[in-house]
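These notes concern the structure reproduced below.
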Amino acid sequence: MASIKNGEGKSSANRKRKRTTSAKKKNKSKFDLQSKAASIMSRLFAGDSQSSAKETAKAAADKEPVKSGRIGETLNTSQMEPYAEDEPRRTRSSPGAAQKQRPAQRSGGNDSQSDGESVGGESMTLAEYLGEYTKKTWVRIMLVIVLVFFLMYIAYQIYLNFYSDIKTEIAAVSTYSETIDTEGIAVRNEVIIENTLSGSCVGAVKNGGKVSKGQTVINVFKSADTAAAYTRIAEIDSEIAELKSMATASEDSATEVTNIEKQLDVQINKLAKSVNEGNISETSAIRSEITYLMNKRLIAMRKVEDYQERIDALNKEKTSLENSYNESPSTINAPASGYYVNYLDGYERLLTPSMLPNLTADKLGSIMNQKVAANENPAGKLITDFSWYLACPVSKKAAEDYLAVDSVYTLILPYSETGSVKGTLVYLNEGEGDKLLAVFECYSLLSELCSMRSQPVKIQVKSYTGFNVKKGALHVYHDNVEVKNEKGEVTGHKEVRYPCVYVIVGNQVVARRVDIVYNGEDFAICSAKSNESGYLTLYDKIITEGKGLYAGKIIN
Numbered sequence: 143m144a145s146i147k148n149g150e151g152k153s154s155a156n157r158k159r160k161r162t163t164s165a166k167k168k169n170k171s172k173f174d175l176q177s178k179a180a181s182i183m184s185r186l187f188a189g190d191s192q193s194s195a196k197e198t199a200k201a202a203a204d205k206e207p208v209k210s211g212r213i214g215e216t217l218n219t220s221q222m223e224p225y226a227e228d229e230p231r232r233t234r235s236s237p238g239a240a241q242k243q244r245p246a247q248r249s250g251g252n253d254s255q256s257d258g259e260s261v262g263g264e265s266m267t268l269a270e271y272l273g274e275y276t277k278k279t280w281v282r283i284m285l286v287i288v289l290v291f292f293l294m295y296i297a298y299q300i301y302l303n304f305y306s307d308i309k310t311e312i313a314a315v316s317t318y319s320e321t322i323d324t325e326g327i328a329v330r331n332e333v334i335i336e337n338t339l340s341g342s343c344v345g346a347v348k349n350g351g352k353v354s355k356g357q358t359v360i361n362v363f364k365s366a367d368t369a370a371a372y373t374r375i376a377e378i379d380s381e382i383a384e385l386k387s388m389a390t391a392s393e394d395s396a397t398e399v400t401n402i403e404k405q406l407d408v409q410i411n412k413l414a415k416s417v418n419e420g421n422i423s424e425t426s427a428i429r430s431e432i433t434y435l436m437n438k439r440l441i442a443m444r445k446v447e448d449y450q451e452r453i454d455a456l457n458k459e460k461t462s463l464e465n466s467y468n469e470s471p472s473t474i475n476a477p478a479s480g481y482y483v484n485y486l487d488g489y490e491r492l493l494t495p496s497m498l499p500n501l502t503a504d505k506l507g508s509i510m511n512q513k514v515a516a517n518e519n520p521a522g523k524l525i526t527d528f529s530w531y532l533a534c535p536v537s538k539k540a541a542e543d544y545l546a547v548d549s550v551y552t553l554i555l556p557y558s559e560t561g562s563v564k565g566t567l568v569y570l571n572e573g574e575g576d577k578l579l580a581v582f583e584c585y586s587l588l589s590e591l592c593s594m595r596s597q598p599v600k601i602q603v604k605s606y607t608g609f610n611v612k613k614g615a616l617h618v619y620h621d622n623v624e625v626k627n628e629k630g631e632v633t634g635h636k637e638v639r640y641p642c643v644y645v646i647v648g649n650q651v652v653a654r655r656v657d658i659v660y661n662g663e664d665f666a667i668c669s670a671k672s673n674e675s676g677y678l679t680l681y682d683k684i685i686t687e688g689k690g691l692y693a694g695k696i697i698n
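In C-alpha cells form, the structure reads like this:
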C-alpha cells in the first residue's frame, strides 16, 4: 500500500508539474502573441513599411498558432479571409479584447508576400508612398507662403493708411525766369582826366562818386609825406563813413550775406587781375572795397555788434595827422559833370559808343584779348553820360528765338550789388562767327557799376509768376462732369483729367487743381487762381512726398 501510495503520489506530482509547465507555455505563447500583435499594429499606425509588418505577422503565425480568447481553441490562420476593398486597413479593438488581423492574399502559394503589398489589400510601393508624402508637403509649404504674402500685404496697406511718411511745403508765389547766359562788356562815354602838375596826387572824391564840372577831383602835394598824410586822412574819412553805414546791415538776412559774398568773389578776382597787371592805384581801391565788404559781412552775420571803438581810434588818428601837416595842395578839377573813377583800365579809347553799330562778337573778342598798358595816369577818368551800353555775345539760335530789337529786357548781374538793370536792345549785329552781338542801352548808372568793365550777365527773356511746385507733388485727377445741351439740360457725363496737387486740410487729403504755365526739370510754375473754387491757393499745405495718396484720405 505504501508503494502504491508513493507511486500514486509521484504520478499526481508529475501530472501537477505537467499542468504547471503547460500553463506556463500557454501564458508564454499568449504573451508572445500579444507582443508581436502590438508591434505589428504600432508599425501600421506609425506609417512604417507594410511589408515589414506582414512579414512579422507571418513569422509569428508560422511559429505557433494563435490562441483565441477561449482556452484550448486555436486560431487557424489558413482559414482567415482577406479584408474587402471597402473595409478599413486598421482597426482598434476595445480595451482588453484581442486584436484581429487578416493576412493578405498569397500569390501562387508562395509563403512570402510582395514588398509593395499593403495590409488592407491595396498595393503601394515605397516610392509611391514617398511621392504622395512629398506632394502633400509641398502643398502645405505653398499654402504657408501664400498666407505669409497675404499677411504682408495686409500689413503694408495698414502702413500706407496710418503710418505714411508725408512731407509738405507751403504754397508761395515766386517768379521764374528763362535767361540767356553770356558775358557783358560795358561801353561808356569816358573822358580821361589829364594831369599836368608835378607832385604827389591824392584823390579828393570817392571812386564812383558823382561830380560836377569844375569840382576838385585830385589834390597834388609837393611833399610826399604830406601827400601820404592827406591820403591817410581820406582813407580814415572813408572808413569811418563805411563803419557807420554798416550798422544798417540786416541782423539775420541770408540774402544780405549772400550778396556780400558774391561781391567779395568779384572783388577778389579783380584784385588778382590787378596785381598781375601791376595796376597799383586800382589795387588800392579794390583793397578798400574788400575791407569794407568783409566788415559789413561780420555785421550782417552778427559776429560783431558795432565798430564804435574803431571809429573813436580813427578820429583820434585823423586829428593828429591834420595837426602835423598843413600844406595847401594844388588841385585838378573835373572837366565835365559825371561819375569819377580814379583809375584807368586801358579800354577807354579801345571801346567807345560810336563803334557799337558796326561792332561784332568776334571783333569784341579780339579787343578784349589785347594786352593793354598799365595805368600811368593817376588822375583817373570821368563817365560823362548817364546812359551806357552792355555788349553781350549770344548764339544765333538764342537770338532768333528770344531777342528782338527795340524790346526791353532785364539784365541780371549776379556779382553786382545792383542785382539787375533794364536795357533796350538797340543792336543785334551779325559777324563772321557763329554768334551775334546783342547791344543793350541802359539808363541806370550807379556808383558800383562805374568800375565794372566785364561781368557775367543773364538776359531775362521770359518770366513766369505763380506757385513753384515740385514735380513729385503733381498728380492727375480724374473727375466726372455733367454734359449739358443748349437748353442747360443734363444729357450725360464725361470723364475729364486735369493736373492737381494734394493738400492737407485739417487731417484730410484734398485735391486742388492747378494750371501749369512752365515746366522745369524738377519743378513747375502753376498760375495763381486764388479766386476760383477748387484751385490751389496761397499758403495751402502742399504734400510733396507721400505714399498711397488719394482725395479723402485721413492723415493721422
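Counting with the working numbering, you get residues 143 to 698 for the letters of the sequence shown.
Beta carbons: idealized from backbone N, C-alpha and C, even for Gly.
In this text, all values refer to a predicted model and were calculated from it rather than measured experimentally.
Start-to-end residues for the beta strand (DSSP E) that takes in residue i
i	result
A512	Reading off the sequence shown, one finds Gln at residue 512, where the question assumed Ala. Unbroken run through Q512: none, as it is neither H nor E.
K458	It is not in any beta strand (DSSP E) - K458 instead sits in the alpha helix (DSSP H) that spans Q450 to S466.
D621	L616 to K626
N475	S472 to N475
T686	K683 to E687
N571	S562 to E572
I312	K309 to I312
V347	Per DSSP, V347 belongs to no beta strand (DSSP E) and is neither H nor E.
G694	Taken as a continuous stretch (DSSP letters only), G694 belongs to no beta strand (DSSP E), as it is neither H nor E.
Y677	First-last for Y677: undefined, no H or E at that position.
Y482	G480 to V483
N-terminal and C-terminal residue of the alpha helix (DSSP H) that residue i is part of
i	result
I658	Not the alpha helix (DSSP H): I658 falls in the beta strand (DSSP E), residues I658 to N661.
K700	This structure cannot settle anything about residue 700, because the visible part of the chain is limited to 143 through 698.
Spatial neighbours of residue i in its chain, beta-carbon cut-off 7 Å, leaving aside the 5 residues before and after
i	result
K460	I375 and I378
A540	I322
I696	N649 and Q650
As assigned by DSSP and simplified to three states, the class of residue i
i	result
K404	helix
A653	strand
Y372	helix
S416	helix
Q357	coil
A666	strand
T279	helix
L588	coil
E637	strand
N437	helix
L289	helix
D204	Since pLDDT at D204 reaches only 49, below the 50 mark, its modelled position is unreliable, and no value is offered.
Y557	coil
V745	Missing from the structure shown is residue 745; the chain here goes from 143 to 698 and no further.
A297	helix
S426	helix
S365	coil
E583	strand
T267	coil
L272	helix
K445	coil
L486	coil
S340	coil
Cross-strand partners of residue i (DSSP beta bridge)
i	result
I327	A533 and S596
Y644	A653
I334	K523
Q409	In DSSP, Q409 forms no bridge with anything.
I601	I322 and L553
N610	I667
K577	S537
S316	G608
V632	K626
K352	Y481
6 Å CB neighbourhood of residue i in its chain, flanking five on each side removed
i	result
T502	N571, G573 and L579
G480	L524, I525 and T526
E332	E490, K523 and I525
V652	V645
A369	S342, V344 and F363
A371	L463 and Y467
Proximal residues to residue i (C-beta, below 8 Å), its chain only, five neighbours per side dropped
i	result
S380	K348 and S430
R595	I327, A328, D487 and Y489
Problem - Any 3 or more C-beta pairs closer than 8 Å across the region 680 to 690 and the region 304 to 323 - result: yes
Exercise for the section: Pair every Cβ in the region 466 to 473 with every Cβ in the region 402 to 417, then say whether three or more of these pairs are closer than 8 Å. Expected result: When C-beta atoms of the region 466 to 473 are compared with those of the region 402 to 417, fewer than three pairs fall below 8 Å, so the two segments do not count as touching.
Exercise for the section: Count the CB pairs spanning the region 404 to 412 and the region 551 to 571 that are closer than 8 Å, and state whether there are at least three. Expected result: yes
Problem - the region 340 to 360 touching the region 534 to 549, judged by at least three CB pairs closer than 8 Å - result: Cβ pair count under 8 Å is below three, so no.
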